[in-house]
Amino acid sequence: MFLLLRVQWFSVAQADALMPVLPSGDAIDSEWLSAHLNIGVEALDIEPLGVPQGFVSNTMRLKPRGASDALPDSLILKIDSENPVGRELALHLNSFGREVGFYRSLAPQLASLVPHAYATGNGSSDAGRWLLLEDLSAMAVGNQVRGVNAKDCSRVLDAIARVHARFWTSSALLNHDWLPRHQFWFKGSSETLSAFYRSFLDDYELRVEPEALKAIALVIEHSQAIDAAIAQRPATLVHADLRVENVLFARNVSQRDVVLLDWGTPTRSMAAMDLAFLIGGSVPMPARRGQLRELCALWHQSLRTHGVKDYTLSDAWADVQLAALRCLSSVLFLHNWQMDPNITSRAMLLDDEWIERCCALVVELDALEVLESLG
134 MFLLLRVQWF
144 SVAQADALMP
154 VLPSGDAIDS
164 EWLSAHLNIG
174 VEALDIEPLG
184 VPQGFVSNTM
194 RLKPRGASDA
204 LPDSLILKID
214 SENPVGRELA
224 LHLNSFGREV
234 GFYRSLAPQL
244 ASLVPHAYAT
254 GNGSSDAGRW
264 LLLEDLSAMA
274 VGNQVRGVNA
284 KDCSRVLDAI
294 ARVHARFWTS
304 SALLNHDWLP
314 RHQFWFKGSS
324 ETLSAFYRSF
334 LDDYELRVEP
344 EALKAIALVI
354 EHSQAIDAAI
364 AQRPATLVHA
374 DLRVENVLFA
384 RNVSQRDVVL
394 LDWGTPTRSM
404 AAMDLAFLIG
414 GSVPMPARRG
424 QLRELCALWH
434 QSLRTHGVKD
444 YTLSDAWADV
454 QLAALRCLSS
464 VLFLHNWQMD
474 PNITSRAMLL
484 DDEWIERCCA
494 LVVELDALEV
504 LESLG
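Residue numbers (the working numbering): 134 to 508.
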């Protein structure tokens with residue numbers, strides 16, 4: 134999660150101390166960029182995109198100058214986070230390996246929905262955890278605290294449905310060793326989730342519905358059964374971090390309507406995980422009230438339009454209910470992270486909004502009826 138602040142310009146010649154450096158010691162300079170773009174770069178300006186950056190990565194805008202017309206006016210560099218905890222988490226999740234794999238192998242089939250990748254590292258070595266991506270900063274980025282309304286949510290759901298449909302039950306996804314099955318940052322064992330529960334109640338017992346608290350307790354108890362049920366559903370490519378700050382929206386008709394960012398945690402799993410994650414975390418309760426079935430129907434219709442068969446609206450609704458239960462474990466992880474004394478005020482506000490929205494969603498969906506069916 135990151136916040137965009139007022140930007141400041143630095144030229145490499147003016148501020149060598151601010152030159153980004155990979156863990157290998159390689160400096161991101163004109164020579165480095167020339168080598169990886171295979172285009173001559175004579176000078177390079179660097180524009181930080183604001184602090185804090187994404188937790189598991191750091192991004193900045195590069196503005197190269199050179200004689201070739203093929204040289205982009207600007208591009209986005211994504212490298213390791215400066216936060217040691219974030220770097221460790223990225224390594225644990227293989228975030229760069231997964232994102233590099235996505236852009237090399239799958240993104241070409243989704244060109245209108247994701248940024249263009251000019252070049253990538255290998256995704257694993259100290260010299261290879263980087264990506265050079267299309268600069269789409271002229272588009273509007275979502276605000277996680279503010280959230281989005283149902284209309285804008287439907288635009289995102291149409292876009293992600295096209296991703297889901299493209300790889301629906303595709304055996305081709307089995308050929309990528311960087312793409313795990315059913316891996317989510319908020320997935321945890323009953324023991325792990327139970328350890329977080331007491332302190333969560335201390336802060337939120339009176340702030341969320343009793344039915345949501347009941348659901349959390351049952352999710353803790355039946356975490357393994359939930360995972361087993363998800364594993365039985367049709368699998369596709371899932372973004373797994375589909376929140377509004379990972380989405381760009383068109384500002385005018387010349388731009389793509391929606392672009393999906395941050396493919397550092399893709400997984401092969403149940404498609405409805407993305408829908409529940411997006412609505413539960415990014416659409417405030419007043420903005421979604423009375424519209425959940427319509428949003429599910431819009432997503433389902435987009436799946437059908439783009440070729441998905443033998444998947445009914447009833448199937449989709451039940452999958453969203455199941456996904457909302459799995460996403461509910463995210464509130465325990467986020468509350469545990471709130472205990473970090475170094476957490477920023479914006480991160481605290483963002484996490485707090487997420488927790489209340491996500492807890493409310495399981496009640497709005499009547500998701501417990503699915504959990505009770507698991508036995």
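Glycine included, C-beta positions come from ideal geometry on N, C-alpha and C.
Length of the line joining the Cα atoms of residue i and residue j
{"i": "Leu-431", "j": "Ser-201", "result": "45 Å"}
{"i": "Pro-181", "j": "Ala-252", "result": "20 Å"}
{"i": "Arg-421", "j": "Gly-256", "result": "38 Å"}
{"i": "Val-453", "j": "Ser-478", "result": "31 Å"}
{"i": "Lys-347", "j": "Leu-465", "result": "14 Å"}
{"i": "Val-495", "j": "Ala-405", "result": "14 Å"}
{"i": "Ser-214", "j": "Ser-157", "result": "14 Å"}
{"i": "Ser-327", "j": "Leu-461", "result": "13 Å"}
{"i": "Ala-305", "j": "Asn-216", "result": "35 Å"}
{"i": "Pro-205", "j": "Ala-383", "result": "21 Å"}
{"i": "Ser-387", "j": "Ala-271", "result": "11 Å"}
{"i": "Lys-442", "j": "Ala-364", "result": "19 Å"}
{"i": "Gln-147", "j": "Ser-207", "result": "Interpretation of Gln-147 is limited by its pLDDT of 38, a score under 50 that renders its predicted location unreliable; the figure taken from the coordinates is listed afterwards. Going from the Cα of Gln-147 to the Cα of Ser-207 covers about 19 Å."}
{"i": "His-439", "j": "Asp-291", "result": "10 Å"}
{"i": "Lys-284", "j": "Pro-248", "result": "23 Å"}
{"i": "Gln-242", "j": "Glu-344", "result": "42 Å"}
{"i": "Arg-279", "j": "Ala-223", "result": "27 Å"}
{"i": "Ala-260", "j": "Asp-159", "result": "7 Å"}
Contact check, residue i vs residue j, beta carbons under 9 Å
{"i": "Leu-166", "j": "Leu-155", "result": "no"}
{"i": "Ala-480", "j": "Met-403", "result": "no"}
{"i": "Leu-446", "j": "His-433", "result": "yes"}
{"i": "Arg-231", "j": "Thr-398", "result": "yes"}
{"i": "His-297", "j": "Leu-411", "result": "no"}
{"i": "Trp-487", "j": "Ala-240", "result": "no"}
{"i": "Gln-316", "j": "Thr-192", "result": "no"}
{"i": "Leu-265", "j": "Ala-250", "result": "yes"}
{"i": "Arg-314", "j": "Pro-417", "result": "no"}
{"i": "Arg-237", "j": "Val-189", "result": "no"}
Sheet register partners of residue i (DSSP bridge)
{"i": "Asp-285", "result": "In DSSP, Asp-285 forms no bridge with anything."}
{"i": "Pro-153", "result": "Looking at the DSSP assignment, Pro-153 forms no beta bridge with any residue, so it has no partner."}
{"i": "Ala-456", "result": "BP columns for Ala-456 are empty, so no partner."}
{"i": "Val-392", "result": "Leu-381"}
{"i": "Met-272", "result": "In DSSP, Met-272 forms no bridge with anything."}
Cβ-heavy atom distance, residue i to the ligand MN, below 8 Å
{"i": "Arg-198", "result": "In the structure shown, the ligand MN is absent, as is every other ligand, since no ligand is present at all."}
is_contact[residue i, chain D] using C-beta, thresh 9 Å
{"i": "Arg-426", "result": "This model lacks chain D altogether, as it is built from one protein chain only."}
Take every Cβ of the region 373-393, pair it with every Cβ of the region 267-280, and state whether three or more of those distances are shorter than 8 Å. Touching, yes.
If you scan the region 300-374 from start to end, which runs of the beta strand (DSSP E) of 3 or more residues do you find wholly inside it? With a minimum length of 3 residues, the continuous beta strand (DSSP E) runs that stay inside the region 300-374 are 368-371.
Count the C-beta pairs between the region 457-476 and the region 325-342 that are closer than 8 Å, then say yes if the count reaches three, no if not. Judged by Cβ distances under 8 Å, the region 457-476 makes contact with the region 325-342, as three or more pairs qualify.
What runs of the beta strand (DSSP E), each 3 residues or longer, lie entirely inside the region 176-227? DSSP runs (the beta strand (DSSP E)) wholly in the region 176-227: 176-181, 190-198, 208-213.
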